[in-house]
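Student:
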Amino acid sequence: MKCCCVYAVVFLLLFGGCAAEKLERGTPACVQAKIQEILREDVWNPPAKVYRYTYRGQTVYFIPQRCCDIPSVLLDENCTPLCAPDGGFTGKGDGQCADFFETRTDEALIWEDPRP
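Under mature numbering (1 follows the signal peptide of the UniProt record, and there is no 0), the residues of the sequence shown are numbered -19 to -1, 1 to 97, in order.
#1: Within 10 angstroms of the Cβ of residue 33, are there 16 or more other Cβ atoms? Answer buried if so, exposed if not.
#2: Is DSSP giving residue 70 helix, strand or coil here?
#3: Fully enclosed by the stretch 4 to 41, which beta strand (DSSP E) runs are 3 residues long or longer?
#4: Between the alpha carbons of residue 25 and residue 97, how many angstroms are there, rounded?
#5: One question on the structure: do residue 35 and residue 67 come within less than 9 Å of each other, judged by their Cβ atoms?
#6: Within a Cβ cutoff of 6 Å, which residues of the same chain sit near residue 83, ignoring the five residues on either side of it in sequence?
#7: Below 9 Å between beta carbons: does that hold for residue 94 and residue 45?
#8: Taking the beta carbon of residue 15 as the centre, do at least 16 other beta carbons fall within 10 Å, making it buried, or is it exposed?
#9: Can you pull the DSSP bridge partners for residue 44?
#10: Residue 86 by DSSP, collapsed to three states: which one?
This is the structure we're talking about:
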């Protein structure tokens, strides 16, 4: 019985952590939920990341494209999609925030998929 308890504790220590727990305090719950959605999917190539920026006077969250023709996503603090800065068939996103890469400031990588 003692052996089973030891294995259970080791398992929880190794695998019981939640990626969202490592996020900065103040990260919106909806961004944490998006990260949990990503973790339920297969690992992206390249691995998923979430960045925080200031853009047009507001805090935004950028999820880069996961592959070639899939657009990236720019979200506000309520996870309302603002635009697709890049990706898609043209590689230039949806054109709604063509100045994003030139005018964004205060870059912070807030999460990167830790899975191999």
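For glycine and all other residues, C-beta sits at the position ideal for the given N, C-alpha and C. Computed from a predicted model, the values in this text were never measured in an experiment.
Tutor: So, from the data block:
#1: The count along the sequence shown starts at 1 and reaches residue 33 at position 52. Looking at its Cβ environment, which holds 16 or more other Cβ atoms inside 10 Å, residue 33 is buried.
#2: As a first step, residue 70 is located in the sequence shown; it is residue number 89 there, counting from the start. Coil, per DSSP.
#3: Residue ranges of uninterrupted beta strand (DSSP E) with 3 or more members, entirely inside the stretch 4 to 41 and ordered along the chain, are 30 to 36.
#4: For the purposes of this step, residue 25 is taken as the residue at position 44 of the sequence shown. For the purposes of this step, residue 97 is taken as the residue at position 116 of the sequence shown. Cα to Cα, the separation comes out at about 10 Å.
#5: Here residue 35 corresponds to residue number 54 of the sequence shown, with the count starting at 1. Here residue 67 corresponds to residue number 86 of the sequence shown, with the count starting at 1. No. Outside cutoff.
#6: Against the sequence shown, residue 83 aligns to sequence position 102. Correct list: empty, nothing qualifies.
#7: For the purposes of this step, residue 94 is identified with residue 113 of the sequence shown, where counting begins at 1. For the purposes of this step, residue 45 is identified with residue 64 of the sequence shown, where counting begins at 1. No; because the gap between Cβ atoms is not below 9 Å, this pair is not in contact.
#8: Here residue 15 is taken as the residue at index 34 of the sequence shown, counted from 1. The residue is buried, with at least 16 neighbouring Cβ atoms inside 10 Å.
#9: Stepping through the sequence shown from its first residue, residue 44 is reached at position 63. Listed as beta-bridge partners of residue 44 by DSSP are 54.
#10: Here residue 86 is taken as the residue at index 105 of the sequence shown, counted from 1. Strand.
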